[in-house]
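Accompanying notes for the structure given below.
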Amino acid sequence: MSLLGPEAWQAVLLSLKVAFWATLWALPPGIAVAHALARGTFPGRHLLNGAVHLPLILPPVVTGYLLLLTLNTNAPLGAALEQLGIVFAFRWTGAALAAGIMGFPLMVRAIRLSIEAVDPGLEEAAATLGASRLRVFATVTLPLILPGILAGAILAFAKAMGEFGATITFVSNIPGQTQTLPSAIYAFLQVPGGEGAALGLVAVSVVIAMTALLLSEAISRRIARRVAGR
C-alpha cells in the first residue's frame, strides 16, 4: 500500500463516491421495477425484463458509447439537460450514471427474488383490511424484502466499483475528475514503473470486492433461512 501515491488514493476515493451515488440513484427505480416484474401482469412485461438485463449482455463499451451519443452536450437530450445545469459526459456524475446502469440488473434481480419469496397471501390479507396498495407495500412487503434490497444494493455497489468499459467510454479517464479505480489500474499499467501502484490498487479492489461479496452472501443466507421458516 505504500506504493500508492495521492493520485492512486484519489482514484479509490472517487470510485467509492461514484459507486455510492450510483447505488443510491438506482435504488428507488430498482425497487419499483423489481416489484413490477415480480407482481405485475401488464403488456410488455417480458420486454421490460429484457431491457433491464440488457446491460449484462451488451459489451460495456457499447453501453458507454450509447450514453455518450445520447447525453453529450451536442445531442438534443444532453443539450436540454445542460440548460438545466446537468452534465454527464466527461464528468464524475456520468461515471456514476454508467456504473448505476451496469449494476442495475444485479440489483433488480436480487430484489425481485426477495419479493417473489414473500407470501402474496400476506399482502392480500392487508388489502382486505382496507390498506391501500402503497400502505401494503410500505408496511408488509418492504420490511420482508429489506434483506433482498440490501443484498441488491451491495451487489450493485460492487459492480459499480469495478466498472471500466462503460465509464471510460462515456467519461474518459481524467485524473482527479473521472479516473476511477479500474481506470487508474489501466493507466498505471501503460507507463514504465507503474506496475507497483497498479498492484496496490488491485489489492484494494480485491479487499473491497471480497467484503461486498461476503456481506451479500451473509444476507442471502438470512433470506434463505427466512423463506425456510427457520
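Residue numbers (the UniProt record's numbering): 1 to 230. All C-beta atoms in this analysis are idealised placements derived from N, C-alpha and C, irrespective of residue type, glycine included.
| query | Start and end of the alpha helix (DSSP H) containing Ile86? | reply | Translated into positions along the sequence shown, residue 86 becomes position 86. Element bounds for Ile86: n/a, residue is neither H nor E.
| said: My output table needs one value for Thr70: the three-state DSSP class, helix, strand or coil. | reply: For this step, residue 70 is matched to residue 70 along the sequence shown. In this structure, Thr70 counts as helix in the three-state DSSP scheme.
| query | Run through DSSP, which three-state label would Phe90 get? | reply | The count along the sequence shown starts at 1 and reaches residue 90 at position 90. Phe90: coil per DSSP, three-state reduction.
| field | Residues near Ser205 in its chain [Cβ-Cβ closer than 8 Å; skip 5 each side] | value | Within the sequence shown, the letter at position 205 stands for residue 205. Answer for Ser205: Met161, Gly162, Leu181, Pro182, Ile185, listed in chain order.
| For Met107, does the count of other Cβ atoms within 10 angstroms reach 16, so buried, or fall short, so exposed? | Counting from one through the sequence shown, the residue named residue 107 turns up at place 107. So Met107 counts as buried.
| message | Report the CB separation of Ile101 from Pro55 in whole angstroms; it is logged as a contact under 8 Å. | response | Looking up residue 101 in the sequence shown gives position 101. Looking up residue 55 in the sequence shown gives position 55. Yes, Ile101 and Pro55 are in contact; Cβ-Cβ is about 6 Å, under 8 Å.
| query | Which residues in the same chain have their Cβ closer than 8 Å to the Cβ of Ala218, if we skip the five residues on either side of it in sequence? | reply | Indexing the sequence shown from 1 puts residue 218 at position 218. For Ala218, where only same-chain residues beyond five positions count, there are no Cβ hits under 8 Å.
| message | If contact is defined by three or more beta carbon pairs under 8 Å, each pair taking one atom from either stretch, is the segment 52-69 in contact with the segment 161-177? | response | yes
| query | CB-CB under 7 Å to Gly176, same chain, minus the five flanking residues each way: which ones, in chain order? | reply | Locating residue 176 in the sequence shown gives position 176, counting from the first residue. Cβ neighbours of Gly176 beyond the five flanking positions: Gln10.
| Validate contact between the segment 110-126 and the segment 148-155 using beta carbons, cut 8 Å, 3 pairs | yes
| query | What are the boundary residues of the alpha helix (DSSP H) that Gln179 is part of? | reply | Locating residue 179 in the sequence shown gives position 179, where the first residue counts as 1. That residue, Gln179, is in no alpha helix (DSSP H); it is neither H nor E in DSSP.
| Three-pair Cβ contact test at 8 Å for the segment 4-22 versus the segment 85-97 | yes
| Sequence-distant residues of the same chain with beta carbon closer than 7 Å to Ile57, five excluded per side | Within the sequence shown, the letter at position 57 stands for residue 57. Closer than 7 Å at Cβ, skipping near neighbours: no residue.
| query | From Leu144, Gly196, Ala98, pick the residue whose C-alpha is nearest to that of Trp25; which is it? | reply | Along the sequence shown, read from residue 1 onward, the residue named residue 25 stands at position 25. When each option's Cα is compared against that of Trp25, the closest is Ala98.
| So, is Leu37 buried or exposed, given that buried needs 16 or more other C-beta atoms within 10 angstroms? | Indexing the sequence shown from 1 puts residue 37 at position 37. When all chains shown are included, Leu37 counts as buried.
| task | Consult DSSP for Asn49 and reduce its assignment to one of helix, strand or coil. | result | Along the sequence shown, one-based indexing puts residue 49 at 49. Correct three-state label for Asn49: helix.
| said: By the three-class DSSP mapping on this structure, what secondary structure does Thr139 have? | reply: Taking the sequence shown and counting its residues from 1, the one referred to as residue 139 is at position 139. Helix.
| If His53 and Pro105 are in contact, beta carbons under 8 Å, what's the gap, nearest whole angstrom? | Your numbering for residue 53 matches position 53 in the sequence shown. Your numbering for residue 105 matches position 105 in the sequence shown. Right, their Cβ atoms sit about 5 Å apart.
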